[in-house]
Structures are given as C-alpha cells and as structure tokens.
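Heads up, the thing below is written out as structure tokens.
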Amino acid sequence: MTKKYAVRNIRLCTKDCLCLYVCPTGATDTENSVIDIDKCIGCGDCADACPSGAISMVPHQYPQQQTKNTEVTAALRKLIASKSQQESIALGLDGKLARAFEKSNRIMAEDIIREAGYMLPQSDNSRKFLQTIIEAGDDSAKEKAARLLELL
Ligand code: SF4
Ligand code: SF4
1 MTKKYAVRNI RLCTKDCLCL YVCPTGATDT ENSVIDIDKC IGCGDCADAC PSGAISMVPH
61 QYPQQQTKNT EVTAALRKLI ASKSQQESIA LGLDGKLARA FEKSNRIMAE DIIREAGYML
121 PQSDNSRKFL QTIIEAGDDS AKEKAARLLE LL
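So the sequence shown is residues 1 to 152, counted in my numbering.
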C-alpha cells in the first residue's frame, strides 16, 4: 500500500479537538496548525476522528499520470477553447454579471486544463510543455519556462 501522510485543511478545521487527542505521535499538535509530516506515521486516525472532514491522507508518491487518448485530449481542447471564447465575450461587456461570467469561465477553463494534467506541477505534461517553450519560445518566454522547470 502507498505510504501516506496527513494534511489538514485549515479552512475547514474548527481547531483544538479530536485529532490532537488521537494522534499517537503528536504530529497534529503544532504551533502553526500545519500537521508535522516528519512526525506523521500515516496511521489515518486523525482523518477518521476529525468531525469536520478537515484532514486528508495524501500519498508520499503520486501514481504515474495516465496517458489520455486523442479523443479525450481533443474534447478537452475544444472545451477549453469554448470557455476561453466565452471569457473574451464577457470581457467586452459591462456590468457585474459580465465580470462574474468572465471569472467563472476563466475558472472553468483552468479546471479543465488542470483535469487534463497540464497544470499539475508534478505532471509530465507540464514538464514537456515547458520544455517545448524552452525549445521554441522567444527569449523572455524561454527564460521564464526554464526557471519554472527548475522550480518543479
Ligand atoms: S495520520 Fe496518524 S500519525 Fe499522522 S497526524 Fe494523523 S494521527 Fe498523527
Ligand atoms: S479534528 Fe479536525 S476540526 Fe478538530 S482540530 Fe483536528 S483537524 Fe481541526
């Protein structure tokens, strides 16, 4: 089984309750509310005990990303293009509703891109994408892509 560690979502956490009592290593009881992964042994007791669903068990190593077939990639691209077009249309309109449309289309497009695996920093797609920019982009884009690649 993949080794996991606990991560607390601070926004959901109601503070100072069960995980502090069940953790066998004291990993949940930290000054900054971030679970200490050096102490966490991945037992999952805190996640089971949390009444707010604020703790998730996260694998130390993510599985290899699955290759998407061309039909799936083409459908994702089409959807992204359509969301981007709707964002541009909303951009040209006045009013709060138009701003909301603009932002919601941007968020949906980003979600689709993320779902396609292009925005996961650890994904091979992201690395390959940055590599293509380094090979073919202008100087400023190359430099930024190389820097991003370094940071991944
Ligand atoms: S998974 Fe276990 S060791 Fe890790 S923080 Fe939760 S209770 Fe503690
Ligand atoms: S049990 Fe859940 S809600 Fe309570 S302190 Fe721990 S993470 Fe926060």
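Just so it is clear, CB atoms sit at the ideal spot from N, CA and C, and this is done for glycine as well.
Environment of ligand 1 in chain order, Cβ to heavy atom below 7 Å: This selection yields Y5, A6, C19, V22, C23, P24, T25, A27, T28, I35, K39, C40, I41, G42, C43, G44, D45, C46, A47, I55, M57.
Any 3 or more C-beta pairs closer than 8 Å across the segment 1 to 9 and the segment 20 to 40: Three or more Cβ pairs drawn from the segment 1 to 9 and the segment 20 to 40 lie within less than 8 Å of each other, which places the two stretches in contact.
Contacting residues, own chain, Cβ-Cβ under 7 Å from I80 (five flanking each side not counted): Here residue 80 corresponds to residue number 80 of the sequence shown, with the count starting at 1. Taken in chain order, the residues that qualify are A109, I112, I113.
Beta-carbon spacing of C19, I55 below 8 Å: As a position in the sequence shown, residue 19 is number 19, starting the count at 1. As a position in the sequence shown, residue 55 is number 55, starting the count at 1. Annotated as proximal: C19 and I55, with beta-carbon spacing under 8 Å.
Y21, DSSP secondary structure in three states: Against the sequence shown, residue 21 aligns to sequence position 21. Helix.
Coil, strand or helix - A54 by DSSP: Within the sequence shown, residue 54 is the residue found at index 54, counting from 1. Coil, per DSSP.
A81 CB to nearest heavy atom of ligand 2 below 7 Å: For the purposes of this step, residue 81 is taken as residue 81 along the sequence shown, with counting starting at 1. In this structure, A81 has its CB at a distance of at least 7 Å from all heavy atoms of ligand 2.
Close beta carbons around A47, own chain, < 7 Å, minus the five adjacent residues each side: Numbered from its first residue, the sequence shown carries residue 47 at position 47. Only A6, I55, S56, M57 meet the Cβ criterion.
The beta strand (DSSP E) enclosing A6, as first and last residue numbers: By one-based count along the sequence shown, residue 6 stands at place 6. Counting along the chain, the unbroken beta strand (DSSP E) around A6 starts and ends at 4 to 8.
Buried or exposed by the 16-neighbour rule on C-beta atoms within 10 Å, applied to K83: Here residue 83 refers to the residue found at position 83 when the sequence shown is read from its first residue. Around the beta carbon of K83, a 10 Å sphere encloses 16 or more other beta carbons of the protein chains shown; the residue is thus reported as buried.
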